[in-house]
């Protein structure tokens, strides 16, 4: 909505200040009219504020000031390490998923191929949704900078590449 409003204001300002077909007498009257000048100043100020807001906050489509989407797959960082513990003869692994995007992300799906484990994994943290993908935190938002942690024990470590997520800016 911000960019559409800015475009509309730009068209209005252009129409209000268009002087190519305006007579010299009309120009003089408009330039000396304080109401016209106040309206013109207000429209310019409103346009400037909208452009500044759009450049610093991003628009409703989730694009930031440099034009990329709000969050990239690289903004969800998955780190995994062996804990050194052995559970039922299987090594235990600790996984930490951190959201490095400035926006919260929800509906985070990771590729996990069923997430087999000989120790219980909290389904509120991660749970399989089919034979290939797992849902993080039940689909709830993960704030910027907030790590999500879980442990599992299996013969070999799983990779947990990001399948998809939804940004909330």
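Residue numbers (the numbering used here): 79 to 247. Just so you know, even glycine gets a beta-carbon here, dropped at the ideal spot from N, CA and C.
Non-local beta-carbon contacts of residue 196 in its own chain, meaning distances under 6 Å to residues more than five positions away in sequence, involve 165, 166, 168, 231 in chain order. Beta-bridge pairing by DSSP links residue 174 to 157, 227.
For residue 162, the secondary structure class from DSSP, reduced to helix, strand or coil, is strand. For residue 182, the enclosing beta strand (DSSP E) stretches over residues 182 to 189. The criterion of a C-beta distance shorter than 8 Å is not satisfied by residue 213 and residue 240. For residue 211, the CB contacts under 8 Å within the same chain, skipping 5 residues up- and downstream, are 187, 188, 189, 190, 241 in chain order. Here DSSP, grouped into helix, strand and coil, assigns residue 206 to strand. The C-beta of residue 155 has fewer than 16 other C-beta atoms within 10 Å across all chains shown, which makes the residue exposed. Of the residues assessed, residue 110 falls on the exposed side of the cut-off, its CB having fewer than 16 other CB atoms within 10 angstroms. Taking a 10 Å sphere around the C-beta of residue 159, we find fewer than 16 other C-beta atoms and assign the residue as exposed.
Residue 226 has its alpha-carbon roughly 6 Å from the corresponding atom of residue 176.
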